[in-house]
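Here is the structure we will look at.
In our numbering, the protein residues as written are 529 to 759.
Printed below as a string of structure tokens:
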């Protein structure tokens, strides 16, 4: 674990101190920034493997920081924020965050989520598995080497987590996956709040790939069970 470098963007020095203590105890290298602008500068100059970003920060808030990061990097990003409304979570995931935790938080859960995000992005990345170069379903096509989604000839911008969900369903078209199964396939672990997170990612994917997101042809809901690829 010692090879991974975590960037904390947070204006509360006490929170930075707690997170640094727990993360360094797990062997991670920790960088810290007191505001979004400083965090952005670090990301442009340093190798960072995962970001832990607050939303309400001076100079540049977490939402803007994530948008700017997604212009050049797909590193996992976990939001840790005092904003607890579903709308805040939806916005965060929609602009490119992979996970969302609310304050106050359990530092051990933060470490667990960091560990699972790093594992599913770097260790369990489907692009390194010998499953062929492309996945396809209908007009959708995923280049598994470059990790790019196409609809027809158009490249569709998706987050790493959205892409992993889509790859899981495309590998087994017609098979129904529950929200719990999708969450466990993504991280290898399960947290209760991840069920809502999966629903947000599915909704975001529909907005990007469906002609009519309210009447989907690709990401279909099986009432009372979960989701499958294709009607």
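Note that the Cβ used here is the ideal one computed from N, Cα and C, for glycine as well.
Cβ of residue i within 8 Å of Cβ of residue j?
i	j	result
residue 662	residue 671	yes
residue 588	residue 609	no
residue 496	residue 536	Only positions 529 to 759 of the chain appear in this structure, which leaves residue 496 out of reach.
residue 586	residue 539	yes
residue 571	residue 601	yes
residue 554	residue 638	no
residue 606	residue 627	yes
residue 485	residue 723	Only positions 529 to 759 of the chain appear in this structure, which leaves residue 485 out of reach.
residue 483	residue 666	Limits of the chain in this structure are 529 at one end and 759 at the other, which puts residue 483 out of reach.
residue 734	residue 741	yes
residue 648	residue 598	no
residue 756	residue 748	yes
residue 728	residue 711	no
residue 738	residue 732	no
Determine the burial state of residue i: buried for a count of at least 16 other Cβ atoms within 10 Å of its Cβ, exposed for fewer.
i	result
residue 544	buried
residue 697	buried
residue 641	buried
residue 578	buried
residue 564	buried
residue 620	buried
residue 590	buried
residue 614	exposed
residue 645	buried
residue 700	exposed
residue 541	exposed
residue 549	exposed
residue 688	buried
Contact defined as beta carbons within less than 8 Å: I believe residue i pairs with residue j. What is the distance between those atoms, to the nearest angstrom?
i	j	result
residue 533	residue 576	6 Å
residue 568	residue 611	Not really, about 20 Å apart at Cβ, beyond 8 Å.
residue 704	residue 754	5 Å
residue 714	residue 694	That belief does not hold up - the Cβ atoms of residue 714 and residue 694 are roughly 11 Å apart, past 8 Å.
residue 558	residue 635	With 8 Å as the limit, residue 558 and residue 635 do not qualify as a contact, their Cβ atoms being about 13 Å apart.
Kindly identify the DSSP beta-bridge partner or partners of residue i.
i	result
residue 669	664 and 678
residue 608	629
residue 581	537 and 607
residue 597	Residue 597 pairs with nothing; no bridge assigned.
residue 755	705 and 749
residue 697	In the DSSP output, where bridge partners are listed per residue, residue 697 has none listed.
residue 559	535
residue 683	678
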